[in-house]
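If you're matching them up, the sequences are chains A and B in order. Under my numbering, residues 1 to 319 are what the first sequence spells out, in order. Under my numbering, residues 320 to 638 are what the second sequence spells out, in order.
2 protein chains.
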Amino acid sequence: MPGLDLARPAVVTGGAGAIGGFLVRALLARGASVRVIDNLSSGSVAHLPDVATEPRLTLHTLDIRQAEPLRRVFEGAGSLWHLAANPDIRRGTVEPTLDLEHGTVGTSNVLEAARLGDVPQVLFSSSSVVYGYPARFPTPEDYGPLLPQSLYGASKLASEGLISAYASCYGLRGVLFRFANIIGPTMTHGVIFDFFDKLRRDPTQLEVLGDGAQAKSYLRTEDCVDAMLLAAARAPGLVEAYNLGTADRTSVREIAEKVVAARGGHARIRYTGGRQGWAGDIPQQLLDIARISGLGWSPRWSSREAVDRTIGELAKAPG
Amino acid sequence: MPGLDLARPAVVTGGAGAIGGFLVRALLARGASVRVIDNLSSGSVAHLPDVATEPRLTLHTLDIRQAEPLRRVFEGAGSLWHLAANPDIRRGTVEPTLDLEHGTVGTSNVLEAARLGDVPQVLFSSSSVVYGYPARFPTPEDYGPLLPQSLYGASKLASEGLISAYASCYGLRGVLFRFANIIGPTMTHGVIFDFFDKLRRDPTQLEVLGDGAQAKSYLRTEDCVDAMLLAAARAPGLVEAYNLGTADRTSVREIAEKVVAARGGHARIRYTGGRQGWAGDIPQQLLDIARISGLGWSPRWSSREAVDRTIGELAKAPG
């Protein structure tokens, strides 16, 4: 089973996103040429190196819901890093076909483009939400049944299935990364970002959805990208699934208190109550990371360290 | 958790199909009104009772790929039995968006129609192919990871995920039935049908895809429908998955020899060789049926008996 081919260009969908930007820089640092596909709806060119001064980087402002225009981007590519998706899980509940179109249909479109372009390998940003409410913690990759609680989760599971079928039917090798909460300085969604955003609008109080006891594993973007590159090179099978997370988890209450402290400590924290933050939320999440550890990866930052570091960065950000 | 509501009409997608026709008759026999949605591409009105003489049955010739026209059919319905899909797994490999459109997008469309029509429960014909090549036999419902080997399998997994998300987000209760090979006199696909079809075209020889050692569990349509009705009434949770199969399995070689014998025994059987019959085929399949048995169901016919009975019926059929 050949490893990662960086001699040929890497295609990165969602490459201008919060994780994509880090991945693009890491691929460039390893000598690859990178073709970014992004519709710039939540991604931003600010997350990318300047294409004027980086000749190995091209940006294709395309929407993966449109199959045809994607195809020329895949000609001669050596790998597909498929990160593009609706990043707002809650929005998918009020717009029930959003994740189907941006997630599932989008994945089918990029896989077709990869197949027609003879791209040998796809690396996919799946999510821990495919496990739904797991009955086992830490949750291993062979956990079942997979009963996602959100339409975002349904689209991640659907995309995993499509990649598995493409591997079997057409020989496209696939690695499925089931992400914990990925956090870093460029993120535009998620609980830490939301808390800063709320406190900017009203510095006197912080409303927290749920009872604050929700506890999840937070992984830094840099650690996430390192793991993806490592597994892309070392995954032994035609299709492999790897959890990407940390060995610890952090509660929403702890995050709320730390964000308030970072902003000066004057806001009153108010909990809306209930085990779930919102319909489709997974209140408890801790992934078994033995499989990816077996390839030689371990996170540089624990969940608590990742949270502290990210809060520190966002507290210093302008606005 | 309320059980099955047959006081209000049942909507059956794919109701004119090989399994749908049996289900429609069973629902009518239990006193329900039935609204069939079928595009009649592989289904046939011959599988249904005559709508002229059965006032409780209506046939809506609609394609589930079109969301809007479906909606009026769901008004006031008490249950959705979602069976419509592309029935030809192999065709999905040469038309890579076929199962996405008829399966995944179609499922999203009927779920939206059910949500907008306040239908409380969905019963879904999933498939054992969601397990891919399982490493455990018999395979239980909590087996993982789910790595389907065909685009048909990917669409079944995607549909399961959608139903699970609709349950969590909107309270639509769901039962996922993972079918073994369902066989009966009205089927228009599958290995037994194919063998009769081939022998009609050339009575001197029978080409068998693969080495003949593929062995799967075959369940009669009547048993399948009984299990669906039972689980619809008794499934305890918001979303439940049940394998539907038999405790035994039958090899393709045995089926080939029995079909040849039923046709007079004069054809030479030729095996194309290889473990898989075709790209995306799952050569070994045996489902753990303890969960559905726990609800009080057991198949009337074993896999071998189901195969014998069906071969007997097809041998007597005209043509």
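Even for Gly, the Cβ is constructed at its ideal location relative to N, Cα and C.
Less than 8 Å between CB atoms is the rule here; does E414 (chain B) satisfy it with respect to chain A? no
If you run the structure through DSSP and keep just helix, strand and coil, what is H266 (chain A)? coil
Against chain A: residues of the region 457 to 480 of chain B by CB proximity under 9 Å: P459, E460, D461, Y462, G463, P464, L465, L466, P467, Q468, S469, L470, Y471, G472, A473, S474, K475, L476, A477, S478, E479 and G480
Closest to V510 (chain B) by CA distance: which of B:Q533, B:T423 and B:C488 is it? B:Q533
At a Cβ threshold of 8 Å, is E431 (chain B) touching chain A? yes
Using DSSP with H/G/I as helix, E/B as strand and the rest coil, what is S444 (chain B)? strand
Segment contact flag, the region 147 to 164 of chain A with the region 95 to 111 of chain A, C-beta cutoff 8 Å, min 3 pairs: yes
Between the alpha carbons of V578 (chain B) and Y561 (chain B), how many angstroms are there, rounded? 31 Å
Please classify T380 (chain B): is it buried, with 16 or more other beta-carbons within 10 angstroms of its beta-carbon, or exposed? exposed
Just to confirm, are A546 (chain B) and L563 (chain B) a CB contact at a threshold of 8 Å? yes
Quick one: which chain B residues come within Cβ less than 9 Å of G280 (chain A)? A484, S487 and C488
Assuming L172 (chain A) contacts V122 (chain A) under a Cβ cut-off of 8 Å, what Cβ separation, rounded to an integer in Å, is found between them? 6 Å
If you scan the region 76 to 139 of chain A from start to end, which runs of the alpha helix (DSSP H) of 4 or more residues do you find wholly inside it? 91 to 94 and 106 to 116
Apart from the five residues just before and just after G76 (chain A), which ones in its own chain have a Cβ nearer than 8 Å to its Cβ? R8, P9 and G117
Is T221 (chain A) helix, strand or coil by DSSP? helix
Out of B:R520, B:R589, B:T565 and B:L466, state which residue places its alpha-carbon closest to the alpha-carbon of V527 (chain B). B:R589
Proximity of I89 (chain A) and Y152 (chain A) at Cβ, strictly below 8 Å: yes
Proximity winner among B:F341, B:G599, B:L325 and B:L323, relative to M506 (chain B) (alpha-carbon distances): B:F341
Write down the C-beta distance between P262 (chain A) and I311 (chain A) rounded to the nearest angstrom, noting that I regard them as a contact closer than 8 Å. Looking at the sequence shown, residue 262 (chain A) is not Pro but Ala. Rounded, the Cβ-Cβ distance is 5 Å, consistent with contact.
Interface residues of chain B around V175 (chain A) at Cβ under 8 Å? Those do not exist, as V175 (chain A) stays about 12 Å from chain B at its closest Cβ, beyond 8 Å.
Which residue's Cα is closest to the Cα of V307 (chain A): A:A154, A:G184 and A:P236? A:G184
Under 8 Å between beta-carbons, which chain A residues line up against S427 (chain B)? List them in chain order, please. P96, T97 and L100
Range covered by the beta strand (DSSP E) that runs through A10 (chain A): A10 to T13
Listing by chain order, which chain B residues have their CB less than 7 Å from the CB of G132 (chain A)? S483
Spell out whether any CB of chain B is found under 8 Å from the CB atom of A241 (chain A). yes
Check the Cβ of T332 (chain B) against every Cβ in chain A and list those closer than 7 Å, keeping chain order. Within 7 Å Cβ-Cβ: nothing; T332 (chain B) doesn't reach chain A, min ~17 Å.
What is the rounded straight-line gap between the Cα of R275 (chain A) and the Cα of V252 (chain A)? 11 Å
With DSSP collapsed to three states, give me the class of A241 (chain A). strand
Counting only beta-carbon separations shorter than 8 Å, does T423 (chain B) have a partner in chain A? yes
Where do the N-terminal and C-terminal ends of the beta strand (DSSP E) with I182 (chain A) fall, by residue? N181 to I183
Where does the unbroken beta strand (DSSP E) through R30 (chain A) begin, and where does it stop? Premise fails: R30 (chain A) is in no beta strand (DSSP E) and is neither H nor E.
Residue from A:A279, A:L27, A:A67 and A:V130 with nearest C-alpha to Y640 (chain B): Outside the displayed span of chain B (320 to 638) sits residue 640 (chain B), for which this structure offers no information.
Just verifying my parser: in three-state terms, what is the DSSP assignment at A215 (chain A)? strand
With 16 other Cβ atoms within 10 Å as the buried cut-off, status of D542 (chain B): buried
Through-space distance from A351 (chain B) to F177 (chain A), alpha-carbon basis: 46 Å
Since I believe I19 (chain A) is in contact with T221 (chain A) (beta carbons under 8 Å), could you give me their beta-carbon distance rounded to a whole number of angstroms? 6 Å
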